[in-house]
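Protein sequence lines, in the order shown, are assigned to chains F and A.
Be aware that the first sequence starts at 31, since it is given in the numbering used here, and climbs by one per residue.
Be aware that the second sequence starts at 58, since it is given in the numbering used here, and climbs by one per residue.
In what follows, a structure is listed as structure tokens, so that the remarks can point back to it.
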Amino acid sequence: MDKKMLKRTKFFLYMVILVFVVLLARLAYLQIFHFDYYWARAEKNRLRILPITAPRGEIFARGGEQLVTNRPGFTVSLVDLGQGYSKETIAYLALLLEMEEGEIRQKIESQFYRRYLPLRLKTDVSMEVVSKIAEKRLELPGVLIEVQPIRNYVNGDFLAHVLGYMGEGVVPDWAAEHWEKTGYEYEQGEPVGQAGIELAWEPYLKGEDGGLQVEVNSTGQAIGEFERVEPRPGCDIYLTIDAPLQSALEEALHETVEDLLAAGNRHAGEAAAVVLDPRCGAILAMADIPAYDPNTFSLDFPDLEKDPRRPLVNKTIEDHYPVGSTFKMVTALAALQEGAVTKTGRVSCGGVITRYNATKSCYRRTAHGSLNVVQAIQKSCNIFFYEMGLRLGIDTLAHYAREFGFGSPVGLTDIFGEKKGIVASREYKSKIYQEPWYPAETMDAAIGQSFNSITPLQLSNYTAMIANGGIHYRPYLVEKIVDSDGNPVLTAEPEILHRMEVDEAHWDTVREGMSLVPLPGGTGARLADFPIRVAAKTGTAQVVDREGIIPSHILFVAFAPLEEPEIALAVFVKYGEDRRGNMALPIARRIMEVYFQIPTE
Amino acid sequence: MLDRRLLKNFDYQLLLFMLLISIYGLLVLSSATQGISSNDPLFYVRKQAVWLSIGAGIMMLIISINYLHFYHWSWYLYAVNILFLGMVLFIGKEGLGAYRWIDLKVFDFQPSELAKVIVIITLARLLVDFGEKTESFTAVLPFLLHVFFPMLLVFLQPDLGTALVFIAIFFGMLYMAGIPWKNLLILAGVGLALSPLLWMRLHDYQKLRLLVFLNPELDPLRYGYQLKQSMIAVGSGGLAGKGLYQGSQARLQFLPAQHTDFIFSVLGEECGFLGALLLLLLYFFLIYRIFRIGSLAKDKFGALICTGVATMMLFQILVNVGMVLSIMPVTGLPLPFLSYGGNSLLVNFISIGIVLSIGMRRHKIQF
């Protein structure tokens with residue numbers, strides 16, 4: 031080693047000594063010169079953190095109506111004072127809070143890591159419990175009453191599947207990962223959104239908890255000087271939902287289902303509907319029944335889980351169904367665009383058709399005579415569309431179905447869980463059944479049967495696409511987000527996901543067919559007296575289960591006004607078949623009456 | 058295999074100090090982790106003991122390798138290092154808001170720890186190769202770039218503490234290599250002048266952690282609270298401490314990271330000033346022996362590696378203990394051989410292994 035290096039090594043060692051001397055000096059300062067002070071502070075170390083839960087962001091409807099707010103509630107907590115808890119304290123709390131002693135002990139055990147934080151035993155306890163604990167304060171050292179915001183769903187089960195609910199349950203990994211992208215870290219055991227907007231927008235709604243650094247006295251009450259960090263409330267969310275419309279829709283769904291049940295239809299009970307703005311994709315109403323009351327969700331859960339009508343499932347997006355004749359516009363448009371038929375081209379309907387050894391018929395074997403595509407939509411003639419299906423072939427038909435957003439999620443990301451549904455196709459059949467496609471099946475597919483299965487949201491989006499000439503907007507529920515200071519954080523922008531390349535004349539032809547449906551001679555003629563011109567289509571989807579043929583699903587899609595559509599809607603009534611006619615139609619009518627403010631007769 | 062004649066120059070004292078620190082660490086760890094895992098009170102101690110054994114094994118292996126091989130492998134090591142650090146940013150496992158680990162199923166590999174020792178080796182070679190023309194200021198630039206890339210990748214994880222270790226290693230080794238004072242001072246000055254730019258790139262929580270030791274009220278619910286509790290723990294230990302397993306602060310788990318970053322506060326509380334003095338003396342002798350080996354090394358490469366290892370240990374001790382005593386910002390650097398954690402332990406063993414290897418091979422073997 032050269033001389034220079036030796037010199038530098040020496041200097042380095044002096045630096046090392048200096049570092050150690052500094053550290054030792056600081057140690058001596060703390061441990062020797064200020065020993066008494068720190069000893070006393072450690073002896074009765076009562077420095078604790080009391081978190082202050084941030085009020086969660088509120089949720090509003092389009093018109094500013096409050097849908098979800100917070101109310102103050104009392105929480106019973108334990109503060110560790112360093113000497114554990116007496117048997118009596120735990121026994122008394124178990125009795126008072128209706129908990130098992132073992133459960134309380136387990137919670138204490140699980141908090142071992144963070145004993146400087148209070149342990150929340152039970153939230154939202156009654157005033158009676160609070161006063162009983164207050165009376166016995168001196169006998170219950172370490173028991174603390176905290177005031178915490180409790181989630182309040184103002185209108186009970188109104189819009190429940192969209193809003194979601196809160197819980198302390200386990201968050202699915204994919205949700206946690208989704209949140210992580212926004213930089214949100216979720217703490218296990220904290221109340222957290224479990225479905226709907228509450229789940230998907232958790233990072234925005236949550237806010238930032240604050241807290242107090244306090245000295246507690248020998249009974250665990252906060253005393254003396256303390257430092258406070260104010261919580262930052264979560265962001266408020268304004269939905270695209272039109273509250274009066276949503277309310278009328280939910281009411282109409284309930285009335286219809288009750289009506290069906292009263293008429294002796296023991297299968298009825300579920301229904302769903304979605305109303306979209308075809309000019310941007312905003313969801314104006316989205317309802318399905320039955321749902322749940324998010325306020326009492328955890329209490330009701332055992333019953334909800336057992337209910338055969340599946341109140342836990344959001345049937346507008348998480349379930350898909352055969353949609354029957356509402357599918358026929360896909361076939362009509364494909365046939366026109368592909369040149370399989372012209373606007374004036376006719377097909378003769380004798381009520382029955384036999385092809386490829388399969389005999390198929392029109393509804394109730396009605397013979398419609400010779401009709402063109404406009405009339406075929408108006409009358410919902412099966413024979414015409416069977417013929418179109420055969421002319422197009424399954425692959426072209428499936429292609430157009432996919433163009434309309436069937437077979438894949440239509441892109442709603444403001445709440446999670448959208449299913450993709452099924453497009454009847456060669457690929458699907460070979461994948462699921464390992465069987466080739468038979469031409470006779472193409473006929474079924476052309477009228478919306480076969481494997482075709484579609485969510486109510488997809489159906490409404492498809493209706494909107496007919497209304498706006500093939501533009502697939504991403505459906506959305508969140509109009510804007512505003513932080514606690516009132517600054518906008520996010521404002522929805524319509525987003526075009528896809529644009530169909532179809533001649534404008536063909537859209538007009540299909541719309542013309544739909545415009546005749548609610549007029550005399552059409553399948554929806556009960557709407558003939560409606561003061562605004564409407565384009566519509568009825569649907570009936572036959573269902574066969576183990577019991578044999580059971581009541582069909584009833585559907586109705588519509589958009590209005592015909593010339594410049596403002597709303598597009600799809601209504602689905604599960605097992606809603608009834609002798610009085612299409613049971614979804616009066617629901618659609620009710621929606622349009624409320625939207626266009628037309629007085630009911 | 059290992060030549061018996063090599064053992065003549067084996068530095069048993071360094072080995073002894075290292076083992077004493079490790080055993081001391083295990084004792085304090087057993088107190089710090091009391092009750093964290095209720096069904097197995099020795100869970101952490103056992104795991105740490107396993108890491109110690111593995112580390113010792115790897116160290117033996119390293120000792121048996123002639124350290125001059127590292128000179129030849131230097132560029133491969135540098136490439137592998139960059140690769141690992143780059144991988145963390147893409148497939149890294151998230152923890153505490155940063156991406157630092159790669160999940161190897163058996164354990165979570167933390168490339169930034171290994172990066173420290175690799176940078177020491179590769180920078181040593183670079184300094185040896187270009188060591189003669191170091192008078193001009195521009196001669197510093199290759200060394201600067203060499204350390205900059207791995208440091209940047211670590212900084213992006215983000216892991217500010219470890220990134221700072223690279224800076225310490227850089228200055229320590231360049232100084233020892235004979236780079237003129239003046240040039241290093243200019244470089245440090247430029248670095249300080251640019252630090253506001255760095256400051257703007259920091260996350261809010263990082264800024265808060267850096268400032269909170271000056272004013273605990275900045276973050277009274279987390280780090281401010283931790284630092285207060287840490288000082289109460291250390292201060293209440295007094296001259297002789299409360300006795301192992303007797304610390305009320307440690308028993309109440311006031312410090313969330315008391316088995317990792319804040320283990321020194323448990324030691325301070327339970328073993329007192331004397332216990333802390335003992336540990337610091339052991340550390341001092343450890344570092345002294347490393348320098349001694351460096352000064353006796355047969356070549357500049359070995360001497361510079363020793364400097365790098367010593368600087369790394371010294372810096373981590375200063376920053377960690379300083380943090381516990383509230384005279385340094387909160388950066389989350391582990392205390393060598395004491396903090397719980399396999400990655401840091403392994404890298405410390407590897408470093409000491411290389412140093413021992415340098416010490417053994419300081420003379421040409423005499424037959």
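By construction, the Cβ of each residue, glycine as well, lies at the ideal position given by its N, Cα and C atoms.
Scan the segment 384-402 of chain A for residues whose Cβ lies nearer than 8 Å to a Cβ of chain F and list them as they occur along the chain. Within the segment 384-402 of chain A, those residues whose Cβ lies closer than 8 Å to any Cβ of chain F are, in chain order, Ile384.
Identified DSSP bridge partners for asparagine 412/F: Mapped onto the first sequence, residue 412/F falls at position 382. Looking at the DSSP assignment, asparagine 412/F forms no beta bridge with any residue, so it has no partner.
From which residue to which residue does the alpha helix (DSSP H) around arginine 504/F run? On the first sequence, residue 504/F is found 474 positions in, with the first residue counted as 1. Per DSSP, arginine 504/F lies in no alpha helix (DSSP H) and is assigned neither H nor E.
Tell me where the beta strand (DSSP E) around serine 352/A begins and ends. For the purposes of this step, residue 352/A is taken as the residue at position 295 of the second sequence. Serine 352/A: not part of any beta strand (DSSP E); member of the alpha helix (DSSP H) spanning 320-353, first to last residue.
Taking a Cβ distance cut-off of 8 Å, strictly less, list which residues of the segment 279-298 of chain A are near chain F, in chain order. If the cut-off is 8 Å between Cβ atoms, the segment 279-298 of chain A has Gly281, Tyr282, Lys285, Gln286, Met288, Ile289, Ala290, Val291, Gly292, Ser293, Gly294, Gly295, Leu296 near chain F.
Own chain partners of phenylalanine 406/A with C-beta closer than 7 Å, once the 5 adjacent residues on each side are dropped: For this step, residue 406/A is matched to residue 349 along the second sequence. Answer for phenylalanine 406/A: Gly112, Ala113, Ile115, Met116, listed in chain order.
Can you tell me whether isoleucine 120/F is helix, strand or coil according to DSSP? For the purposes of this step, residue 120/F is identified with residue 90 of the first sequence, where counting begins at 1. The answer is helix: DSSP assigns isoleucine 120/F an H, G or I state.
Can you check DSSP and say which residues form a bridge with glycine 75/A? On the second sequence, position 18 is the one that residue 75/A refers to. Sequence inspection shows methionine at residue 75/A; the glycine mentioned does not correspond to that position. The partner list for methionine 75/A (beta bridge, DSSP) is empty, contrary to what the question assumes.
Span of the beta strand (DSSP E) holding cysteine 379/F? In the first sequence, counting from the first residue as 1, residue 379/F sits at position 349. Note, cysteine 379/F: beta strand (DSSP E), 377-379.
Contact set for isoleucine 501/F: own chain, Cβ-Cβ below 7 Å, skip 5 residues either direction: For the purposes of this step, residue 501/F is identified with residue 471 of the first sequence, where counting begins at 1. Excluding residues within five positions, the ones whose Cβ falls inside 7 Å are Met495, Ile526, Arg529.
Flag leucine 77/A as yes if its beta-carbon sits less than 8 Å from any beta-carbon of chain F, otherwise no. Sequence index remark: in the second sequence, residue 77/A carries index 20 (1-based). Chain F has no Cβ within less than 8 Å of the Cβ of leucine 77/A.
Below 7 Å CB to CB, which residues in the same chain sit around leucine 149/F once its five sequence neighbours on both sides are set aside? Here residue 149/F refers to the residue found at position 119 when the first sequence is read from its first residue. Once the five neighbours on either side are set aside, the close Cβ partners of leucine 149/F are Ser107, Leu108, Lys137, Ile138, Gln141.
Is the shortest distance between the beta-carbon of phenylalanine 330/A and the beta-carbons of chain F less than 8 Å? As a working mapping, residue 330/A is identified with position 273 in the second sequence. For phenylalanine 330/A, a Cβ of chain F is located within less than 8 Å of the residue's own Cβ.
Of the residues Leu147/F, Pro469/F, Val601/F, Arg309/F, which one's Cα is nearest the Cα of alanine 282/F? On the first sequence, position 252 is the one that residue 282/F refers to. Among Leu147/F, Pro469/F, Val601/F, Arg309/F, the Cα nearest to that of alanine 282/F is on Val601/F.
Take the Cβ of isoleucine 347/A as the centre, count every other Cβ of all protein chains shown within 10 Å, and call the residue buried at 16 or more, exposed below. Taking the second sequence and counting its residues from 1, one reaches residue 347/A at position 290. Isoleucine 347/A is buried by the Cβ-count criterion.
Is the beta carbon of arginine 145/F closer than 8 Å to that of aspartate 110/F? Translated into the one-based positions of the first sequence, residue 110/F becomes position 80. Translated into the one-based positions of the first sequence, residue 145/F becomes position 115. Taking 8 Å as the Cβ cut-off, aspartate 110/F and arginine 145/F qualify as a contacting pair.
Which two residues bound the contiguous alpha helix (DSSP H) that contains leucine 254/A? As a working note, residue 254/A is residue 197 in the second sequence. 238-258 is the span of the alpha helix (DSSP H), which, as asked, contains leucine 254/A.
In angstroms, rounded to a whole number, what distance separates the CA positions of alanine 190/F and phenylalanine 327/F? One-based indexing of the first sequence puts residue 190/F at position 160. One-based indexing of the first sequence puts residue 327/F at position 297. Alanine 190/F and phenylalanine 327/F have their alpha carbons spaced roughly 10 Å apart.
Proximal residues, the segment 118-141 of chain A versus chain F, C-beta separation under 8 Å: So nothing in the stretch comes that close.
Residue from Trp158/A, Ile236/A, Gly246/A, Pro168/A with nearest C-alpha to valine 185/A: The residue given as residue 185/A occupies position 128 in the second sequence. The candidate whose alpha carbon is nearest that of valine 185/A is Ile236/A.
From valine 149/A to arginine 157/A, what does the alpha carbon distance come to, in whole angstroms? To locate residue 149/A, count along the second sequence from 1; it is residue 92. To locate residue 157/A, count along the second sequence from 1; it is residue 100. The amino acid occupying residue 149/A in the given sequence is glycine; valine does not appear at that position. Whole-angstrom Cα-Cα distance: 6 Å.
Once the 5 residues before and after proline 595/F are set aside, which same chain residues still bring their CB inside 6 Å of it? Indexing the first sequence from 1 puts residue 595/F at position 565. Here the set comprises Pro308, Ala497, Phe589.
Minimum Cβ-Cβ distance from isoleucine 159/A to chain F less than 8 Å: Numbered from 1 along the second sequence, position 102 holds the residue referred to as residue 159/A. No, isoleucine 159/A lies away from the interface with chain F (no Cβ there is under 8 Å from its Cβ).
Contacts around methionine 58/A, its chain only, beta-carbon distance under 6 Å, and the 5 residues preceding and following it disregarded: Looking up residue 58/A in the second sequence gives position 1. Annotation note: pLDDT 49 at methionine 58/A (below 50); position unreliable, coordinate value reported separately. Correct list: empty, nothing qualifies.
Quick one: give me the first and last residue of the alpha helix (DSSP H) that alanine 600/F is part of. Translated into positions along the first sequence, residue 600/F becomes position 570. From DSSP, alanine 600/F is part of no alpha helix (DSSP H) but of the beta strand (DSSP E) over 597-603.
Anything in chain A within Cβ reach of isoleucine 79/F, meaning under 8 Å, just list it in chain order. Counting from 1 along the first sequence, the entry for residue 79/F is found at position 49. Residues of chain A passing the Cβ test: Leu278, Tyr282.
Counted within 10 angstroms of its Cβ, other Cβ atoms place asparagine 325/F as buried (16 or more) or exposed: The residue given as residue 325/F occupies position 295 in the first sequence. So asparagine 325/F counts as buried.
Using DSSP's beta-bridge definition, name the partner residues of valine 155/F. The residue given as residue 155/F occupies position 125 in the first sequence. Answer by DSSP bridge pairing, in chain order: Phe104/F.
I'd like to know if phenylalanine 348/A contacts chain F, where contact means its C-beta is closer than 8 Å to some C-beta of that chain. Position 291 of the second sequence, counted from the start, is the residue given in the question as residue 348/A. Judged by the 8 Å Cβ criterion, phenylalanine 348/A is in contact with chain F.
Please check the pair valine 393/A and methionine 370/A, which I expect to be a contact at CB under 8 Å, by giving their CB distance rounded to whole angstroms. Start at 1 with the first residue of the second sequence, and residue 393/A comes out as number 336. Start at 1 with the first residue of the second sequence, and residue 370/A comes out as number 313. Correcting the residue identity first, residue 393/A is proline in this sequence and not valine. For proline 393/A against methionine 370/A, the beta-carbon gap comes to about 5 Å, under 8 Å, which counts as contact.
If you follow the alpha helix (DSSP H) that arginine 432/F is in, where does it begin and where does it stop? Your numbering for residue 432/F matches position 402 in the first sequence. For arginine 432/F, the enclosing alpha helix (DSSP H) begins and ends at 424-433.
Those residues which DSSP pairs with alanine 571/F across a bridge: For the purposes of this step, residue 571/F is taken as the residue at position 541 of the first sequence. Paired residues: His583/F.
Which bits of chain A does histidine 64/F rub up against, with CB to CB less than 8 Å? Taking the first residue of the first sequence as position 1, residue 64/F is located at position 34. Near histidine 64/F (Cβ distances below 8 Å), the residues of chain A are Gly292.
Kindly provide the ranges of any alpha helix (DSSP H) runs that are 4 or more residues long and lie completely inside the segment 211-251 of chain F, ordered along the chain. Listed in chain order, they are 226-230, 232-235.
Give me the residue from Leu242/F, Pro518/F, Asp513/F, Pro616/F with the minimum Cα distance to arginine 556/F. As a working mapping, residue 556/F is identified with position 526 in the first sequence. Checking every option, the nearest Cα to that of arginine 556/F belongs to Pro616/F.
Residues in the segment 200-233 of chain A with C-beta within 8 Å of chain B's C-beta atoms, listed in sequence order? Annotation note: the requested chain B is absent from the structure, which comprises protein chains F and A.
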